[in-house]
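Asks: Shown below is the structure under consideration.
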Amino acid sequence: MEQDLNEPPKEEHAFDLNQYPLSSNEDNDNDGATASVLQFSEIRQYDDVVVNGFEPFIGQCFLSEEEAFLFYTKYANLNGFSIRHGRFCTNKNGEKTKIDFTCHCEGFTQEKIAQPLKAQRTRHSIRCACKALMRISLRKPCENFPEEWHVIAFVAEHNHDLLDPSQ
1 MEQDLNEPPK EEHAFDLNQY PLSSNEDNDN DGATASVLQF SEIRQYDDVV VNGFEPFIGQ
61 CFLSEEEAFL FYTKYANLNG FSIRHGRFCT NKNGEKTKID FTCHCEGFTQ EKIAQPLKAQ
121 RTRHSIRCAC KALMRISLRK PCENFPEEWH VIAFVAEHNH DLLDPSQ
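Going by full-length UniProt numbering, the letters in the sequence shown line up with residues 1 to 167, in that order.
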C-alpha cells in the first residue's frame, strides 16, 4: 500500500512497557502515547538498592530469599525499624517454602529460670508483640523456569515508636 506524497504522514504511537507510569502530577504532552521515567526526586536510593517509595506489596516477586531479605532490610532502615528472620516452613526435602521477616520487636522474650547463686544483670526487653512482617512463599512454576519468592502477606503497622531513618 503506497501513501500519497501530498498527504501528511500517519502518526504511530509506540509503548514501552519497561518504563514507569506517568505520575498524577506530571503534565502529559504526548497524549499518553509513551510513559516517562519517574523524576529523580520520586526515587530514594539507599546504598545500591533503589526503593521507589512504595511499600512491599502482595504478589511482589524476588529471585531469591536473600534478595527479598535485602529489599525488606533496606525498606525497614528507610522507615526507622530493624528486621529479623522469623518463622519458616519446610518441605519434605528440608527446603524452606515460606519465610517470615518480622520487626525486631515481634513476640515476647521467654522467661528464663534464674539461678540464685549466679549474678545476672537485669535487662529490659524491647519486644512488644509488634505484628509488622513480610511473608514470602517459594513458587516453582515448572522445571524450565527459575524459582521465585512471592510476597503473600505484608503488615506495615507497628505498635511502637519508629526511629528517625538517619539514626
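Ideal Cβ positions, reconstructed from N, Cα and C, are used throughout, including at glycine.
#1: Would you mind stating whether Asp100 and Arg84 have Cβ atoms separated by less than 7 Å?
#2: Of the residues Glu148, Phe145, Lys131, which one's Cα is nearest the Cα of His158?
#3: Within a Cβ cutoff of 6 Å, which residues of the same chain sit near Ser64, ignoring the five residues on either side of it in sequence?
#4: Based on the DSSP output, what are the partners of residue 168 in its beta bridges?
#5: Below 6 Å CB to CB, which residues in the same chain sit around Ser137 once its five sequence neighbours on both sides are set aside?
#6: Classify Ala153 as helix, strand or coil using the three-state DSSP reduction.
#7: Which residue comes first and which comes last in the beta strand (DSSP E) that contains Phe101?
#8: Roughly how many angstroms lie between the CA atoms of Ile58 and Ala156, to the nearest whole one?
#9: Please name the residue in Glu148, Lys118, Leu162 whose C-alpha comes closest to that of Gln60.
#10: Throw me the rounded Cβ distance for the Leu133 and Asn79 pair, which I believe falls under 8 Å.
#11: Quick one: Cα of residue 172 to Cα of Tyr72, how far?
#12: Going straight from the alpha carbon of Glu106 to that of Phe145, what length do you get?
#13: Kindly indicate which three-state DSSP category Phe62 falls into: helix, strand or coil?
Replies: According to the data block:
#1: no
#2: Lys131
#3: none
#4: In the structure as shown, the chain starts at 1 and stops at 167, and residue 168 therefore has no counterpart that could be examined.
#5: Lys98, His150, Ile152
#6: strand
#7: 96-103
#8: 12 Å
#9: Glu148
#10: Actually they do not touch by this definition, with Cβ atoms about 14 Å apart.
#11: Nothing about residue 172 can be reported from this structure: the residues present for the chain run from 1 to 167 only.
#12: 35 Å
#13: strand
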